[in-house]
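Novice:
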Amino acid sequence: MELIYLKINKQLEDIKSLLIAIDKEDYTNKIIALGDSSIGQHVRHIIEIFYSLTNFHDSGEINYDKRDRDIRIETNPSFAIENLDFIIKNMIKADKDLVLIVEDCEKQDLVKTNYKRELHYNLEHTIHHMALIKVALSLMEINLTDDCFGLAYATIEYRKTQVK
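Going by this note's numbering, the sequence shown opens with residue 42, and the numbers climb by one from there.
(1) Exposed or buried, what is SER93 when buried is set at 16 or more other beta-carbons lying within 10 Å of its beta-carbon?
(2) Is it buried or exposed, LEU44, if we count other Cβ atoms within 10 angstroms and call 16 or more buried?
(3) For the segment 112-168, which segments carrying the alpha helix (DSSP H) assignment without a break, of at least 4 residues, lie completely within its bounds, in sequence order?
(4) Rounded to the nearest angstrom, what separates GLU159 and SER179 at their Cα positions?
(5) Would you identify the three-state DSSP class for SER93, choosing helix, strand or coil?
(6) Roughly how many angstroms separate the alpha carbons of VAL84 and THR95, rounded to a whole number?
(7) Going by beta carbon distance, what residues of the same chain come within less than 7 Å of ASN124, once the five residues before and after it are set aside?
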């Protein structure tokens, strides 16, 4: 399996492990310091960005702004886990050229890209939201056992060089 798939799989498995470990109230609790968002909303966002990429792979056009916002994902950790499992099982697709559609009000920009490039974007996007989830957990005084949760791979490698 290619490295990008291994990295994404690890992050999605880490999210699943977290969802198993926390209760539904913590999953849905809105955190004022994070713009009144919940862990569930961040997980939903991660899932739906992956769906935007994988579901429209065949059409060749990706639009991250036009996505479903399924409230069940943000309110039901078990349903979120089912969706994460689906992504893990279905994200491996042939690399191909894609067009990324970026919209702002009435304007539209078309960007040439490819599937693997967008997988890398999705990975970094996921890690970014995991970092926000980590902040939410900290504010709720919930400790993670994984110190690397929400850290970019480059940051992890850099920190290894700083340990003496």
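Glycine residues also receive a C-beta, built at the ideal position from the N, C-alpha and C atoms.
Since this is a predicted model, take the numbers as computed values, not measurements.
Specialist: A quick look at the data gives this:
(1) buried
(2) exposed
(3) 112-116 and 118-131
(4) 30 Å
(5) helix
(6) 17 Å
(7) ILE88 and ILE114
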